[in-house]
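Peer 1: Next up is a structure, given as structure tokens.
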């Protein structure tokens, strides 16, 4: 029995659809959770295959990136935002989304390296969005970002900001597998998620969020882990190491 863990957001619907409905995979358990928990469980070796936020890649033991698919964006992604009632350069403190580490590090990289501003970073818990006001901003990711964005005067798409400063796409998560997983299983899994992406329009109605899901999956999310995205991953991980060195923290 193969245990698979993935993120429970709209952008993973094509992957989940392929895993569950393509027929390529049998004898599997699929678990869905928020990105930070997915990363934690993979770091603890609790799954055979997982969609891992890229900030966790350096912490994984006995896992390898094996798939040519990811959760990425060429420019704007729509669901990873810095939101506020004031402009980005006037914010004094920023809530970091408890559901994500990759995005929290991304906003810190953008501020430290490209804006040269040092706001106060605040760890958050559920419901922190209600505290975003005045000179306090917040990072919001996933389906919540799609739902809440219009409540704020200023919205900054973090994938678009990354592209502005690096001229590269961004990768939020990629597929990894334990080295013990057989090549046959990896091949079946790859066929399953490829099938899911090819049939993604069949899942556009599987959402309670009042947005154009077809537009989001077609124009905001980029699923192919191509050369430019791999280059972006390497740059992000380099910047992450530099950030940790500057902050005196560990990776």
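Numbering (this note's numbering), first residue to last: -17 to 233.
Ideal Cβ placement from N, Cα and C applies to all residues, glycine included.
Would the beta-carbon of residue -3 fall within 8 Å of that of residue 37?
Peer 2: Taking 8 Å as the Cβ cut-off, residue -3 and residue 37 do not qualify as a contacting pair.
Peer 1: Once you ignore the five residues that flank residue 215 on each side, which residues in its own chain have a CB closer than 6 Å to its CB?
Peer 2: Excluding residues within five positions, the ones whose Cβ falls inside 6 Å are 36 and 153.
Peer 1: Run through DSSP, which three-state label would residue 137 get?
Peer 2: In the structure shown, residue 137 sits in a strand (DSSP, three-state: E or B).
Peer 1: Provide the residue(s) that pair with residue 45 in DSSP beta bridges, ordered along the chain.
Peer 2: Paired residue(s): 160.
Peer 1: Just the Cα atoms here: how many angstroms apart are residue 200 and residue 72?
Peer 2: Cα to Cα, residue 200 sits roughly 34 Å from residue 72.
Peer 1: Could you spell out where the beta strand (DSSP E) holding residue 66 opens and where it closes?
Peer 2: Per DSSP, residue 66 belongs to the beta strand (DSSP E) from 62 to 66.
Peer 1: So residue 125 is in the alpha helix (DSSP H); what residue range does that whole segment cover?
Peer 2: Run containing residue 125: 124 to 130, per the alpha helix (DSSP H) assignment.
Peer 1: Among 41, 21, 48 and 166, which one has its Cα closest to the Cα of residue 157?
Peer 2: Per the Cα distances, 48.
Peer 1: Rounded to whole angstroms, how far is the Cβ of residue 181 from the Cβ of residue -1, which I believe are closer than 8 Å?
Peer 2: Right, their Cβ atoms sit about 7 Å apart.
Peer 1: From which residue to which residue does the beta strand (DSSP E) around residue 171 run?
Peer 2: It is not in any beta strand (DSSP E) - residue 171 instead sits in the alpha helix (DSSP H) that spans 165 to 180.
Peer 1: Tell me which residues share the same chain as residue 213 and place their Cβ nearer than 7 Å to its Cβ, disregarding the 5 neighbours each side in the sequence.
Peer 2: Excluding positions up to five away in sequence, the list reads 150.
Peer 1: Would DSSP call residue 1 helix, strand or coil?
Peer 2: In this structure, residue 1 counts as helix in the three-state DSSP scheme.
Peer 1: Taking only three categories from DSSP, how would you classify residue 186?
Peer 2: Residue 186: coil per DSSP, three-state reduction.
Peer 1: Just to confirm, is the Cβ distance from residue 238 to residue 60 under 8 Å?
Peer 2: The structure shown does not extend to residue 238, since the chain spans only -17 to 233, so no value can be given for it.
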